[in-house]
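Number of protein chains: 2
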Amino acid sequence: MKTGKDPTLHQRILRDIEGRIVSGEWAPGHRIPFEIDLAAQYGVSRMTVNKVLTQLAKAGLVERRKRSGSFVRQPQIQSAVLEIHDIRKEVEQLGQPYRFAVERRQVRKATGADMRRLDVTRDDRVLELLTIHRAGATPFCVEARLINLAVVPAAAEADFSAMSPGQWLIEQVPWTSAEHVVQAVSADAATAGLLDVERGCACLVIERRTWSPTGPVTHARFTYPGDRHTLVARFTPSS
Amino acid sequence: MKTGKDPTLHQRILRDIEGRIVSGEWAPGHRIPFEIDLAAQYGVSRMTVNKVLTQLAKAGLVERRKRSGSFVRQPQIQSAVLEIHDIRKEVEQLGQPYRFAVERRQVRKATGADMRRLDVTRDDRVLELLTIHRAGATPFCVEARLINLAVVPAAAEADFSAMSPGQWLIEQVPWTSAEHVVQAVSADAATAGLLDVERGCACLVIERRTWSPTGPVTHARFTYPGDRHTLVARFTPSS
DNA sequence: CAGTGGTCTAGACCACAGC
DNA sequence: CTGTGGTCTAGACCACTGA
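In the order they appear, the protein sequences are chains V and W.
Residue numbers for the first sequence follow my numbering, so the first one is 29 and each next one is one higher.
Residue numbers for the second sequence follow my numbering, so the first one is 29 and each next one is one higher.
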């Protein structure tokens, strides 16, 4: 991330458009003005706008369609680090029926631990959720999530019976930056019970914190049985 | 990775230059011809080569210096997935003295298991290495590595007392593509002994396979005590 | 089939690092 | 200072595709 000054034309226009998308001013599906129009608006040549849009497309913020224009894409919370992390898709690609169940749901004031997890400073209200994702009957992953109600107040009343909290959030909060932490831990008694594994079993834990322009959105901790899940990534020199 | 046809000018020039770097024809430190010269050689405008070099710079293959030119960079085997994975650096950033020791070293014909690990088809000769990396006195990571001697014959006689096998390989093999697999496993007896942890302790295992244009180079399996190591990655929408 | 993005050009100016 | 990369322009042609 480069926050430094020295905004070239690219960068100014890029930040501007990125801002409109990220803030939700241009919602997913919104058609971005045509290159020619943008060029006129910003008073630059089309190639400059093209560079910006191409970059935004590479970053996954916009989708470009010939003949019809460029559109804001649905947010895709996933870095190259975790190319696969749509749990529903993961499960379905295994040929298993995907199910989830919210086991616990609680609204409360943020504790000190919550504040560390969520990167909040004041003691806002938070929503705590515990969700189990299953592939067929077998537990696939446990999701412990904290949602910052100061940023996403609607979460307090949301219905998570048809849509998982993660999915719901993606549709609610426009765009976010994220941080991932991956580690291996031994399952404690509670987790082992939920995942139906031996206590002490090695589990892969992926923690994700996300921020919207408004502030910290959510902290999610996914725990996978180590022997049932791997993270794969490939890369080539010039990508 | 896009291997499809339809080579635009960009892509053809990009692949060409990438090929020279990756094959070692242009070794690390080599000064790439100036943009104007490249433009003349390829019979294109300077902006086109600029685009290519900019892209190669973003990919980390070349470093651009104003006034002096563009240079081939030392290979940096790391995807965005594993932004940090120079063990020496990791340890030193902890403020600990870094040490390593090759515990086992053996040249042999590839077994069936080796062939799966290394992606070789014939039963070439391979070099098997077991290395322990330490932060001060405490074990930091166990590295089990297989090197394909058909691609890197010099490895058979290499001296791994001053330079770790991983470091040595980076300096030998020009550029590679790589695949990373991350998972959590319980330490078996042998690993537990080497890492000085309880048997069954959750460990983070990172496997990396790399290929050079010549063929599969190496397979390395790094095992970290789960409570002493995490993988972190951040990302923002437009990067 | 008209308009969009995709690409490329020839030329220009600038900042800046090394000579 | 001079030459390099960094950037930008005004204009052009093309392929594709959706109306």
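Don't be surprised by glycine CBs; every beta carbon is placed ideally from N, CA and C.
Every value quoted in this text rests on a predicted model; they were computed, and no experiment measured them.
May I have the straight-line CA-CA distance separating residue i from residue j, to the nearest angstrom?
i	j	result
F168 (chain W)	H161 (chain W)	5 Å
T264 (chain V)	H208 (chain W)	12 Å
T31 (chain V)	V100 (chain V)	In this prediction, T31 (chain V) has a pLDDT of 38, which is less than 50 and means its spatial position is unreliable; what the coordinates show is noted afterwards. Rounded to the nearest angstrom, the two C-alpha atoms are 23 Å apart.
L259 (chain W)	L232 (chain W)	9 Å
I175 (chain V)	V245 (chain V)	6 Å
I115 (chain W)	P253 (chain W)	14 Å
V77 (chain W)	V90 (chain W)	13 Å
R95 (chain W)	S266 (chain V)	24 Å
G57 (chain W)	S51 (chain V)	43 Å
V148 (chain V)	V135 (chain V)	16 Å
A141 (chain W)	H247 (chain W)	12 Å
V225 (chain V)	E63 (chain V)	55 Å
S98 (chain V)	W54 (chain V)	12 Å
K86 (chain W)	G123 (chain V)	38 Å
T204 (chain V)	T238 (chain W)	33 Å
V179 (chain W)	G243 (chain W)	6 Å
V170 (chain W)	M75 (chain V)	51 Å
A215 (chain V)	R236 (chain V)	19 Å
R227 (chain V)	A220 (chain V)	5 Å
E46 (chain V)	A217 (chain V)	44 Å
A186 (chain W)	Q200 (chain W)	11 Å
T36 (chain V)	L42 (chain V)	10 Å
S73 (chain V)	K79 (chain V)	10 Å
H39 (chain W)	I234 (chain W)	Contrary to the premise, residue 39 (chain W) reads as Gln rather than His in this sequence. Computed Cα separation, rounded: 32 Å.
E118 (chain W)	H257 (chain W)	10 Å
A68 (chain V)	G88 (chain V)	24 Å
L66 (chain V)	R59 (chain V)	12 Å
P125 (chain V)	M143 (chain W)	34 Å
D255 (chain W)	L146 (chain V)	21 Å
M113 (chain W)	Q195 (chain W)	A quick correction: the sequence has His, not Met, at residue 113 (chain W). Rounded to the nearest angstrom, the two C-alpha atoms are 11 Å apart.
Looking at residue j and residue i, is the spacing between their C-beta atoms short of 9 Å?
i	j	result
R249 (chain W)	A172 (chain W)	yes
T159 (chain W)	F128 (chain W)	yes
A230 (chain W)	V210 (chain W)	no
R153 (chain W)	A184 (chain W)	yes
F188 (chain V)	L157 (chain V)	yes
L81 (chain W)	I49 (chain W)	no
L197 (chain W)	L177 (chain W)	no
A206 (chain W)	R132 (chain V)	no
P241 (chain W)	P103 (chain W)	no
V130 (chain V)	P193 (chain V)	yes
On the DSSP bridge list, what partners appear for residue i?
i	result
G97 (chain W)	W:R93
I234 (chain V)	V:V210 and V:F250
P167 (chain W)	W:R162
V154 (chain W)	W:R136 and W:N176
I49 (chain V)	None; I49 (chain V) has no bridge partner.
S205 (chain V)	V:W239
P265 (chain W)	Answer by DSSP bridge pairing: none, since P265 (chain W) is not bridged.
I41 (chain V)	Paired residue(s): none; I41 (chain V) is not in a bridge.
R59 (chain V)	V:F99
P244 (chain W)	W:W239
V260 (chain V)	W:V209
Between which two residues does the alpha helix (DSSP H) containing residue i stretch?
i	result
Q200 (chain W)	P193 to Q200
E63 (chain W)	E63 to Y70
A190 (chain V)	Element bounds for A190 (chain V): n/a, residue is neither H nor E.
R256 (chain W)	Where R256 (chain W) is concerned, there is no enclosing alpha helix (DSSP H), given that its DSSP letter is neither H nor E.
V80 (chain W)	R74 to A87
G221 (chain W)	A217 to L223
Starting from residue i, trace the beta strand (DSSP E) both ways and give me its first and last residue.
i	result
P178 (chain V)	This sequence places Ala at residue 178 (chain V); Pro is not what is there. First-last for A178 (chain V): undefined, no H or E at that position.
E120 (chain V)	Run containing E120 (chain V): none in the beta strand (DSSP E); it sits in the alpha helix (DSSP H), I115 to Q121.
E131 (chain V)	Y126 to K137
Could you check whether the Cβ of residue i sits closer than 8 Å to any heavy atom belonging to the ligand COA?
i	result
Q211 (chain V)	This structure lacks the ligand COA, and indeed carries no ligand of any kind.
Interfacial residues, the region 85-96 of chain W to chain V, with Cβ spacing under 7 Å: A87 and L89
Residues of the region 226-260 of chain W with Cβ closer than 8 Å to any Cβ of chain V, in chain order: G228, C229, A230, C231, L232, V233, Y252, G254, D255, H257, T258, L259 and V260
Residues, ordered as in the chain, of the region 200-225 of chain W that lie near chain V by beta-carbon distance below 7 Å: W203, S205, A206, E207, H208, V209, V210, Q211, A212, V213 and S214
Near-chain V residues of the region 32-46 of chain W - C-beta to any C-beta below 7 Å: L42 and E46
Contacting positions in the region 58-87 of chain W - beta carbon closer than 8 Å to chain V: Q83, L84 and A87
Near-chain W residues of the region 167-193 of chain V (beta-carbon distance less than 7 Å), N- to C-terminal order: none
Contacting positions in the region 125-140 of chain V - beta carbon closer than 8 Å to chain W: none
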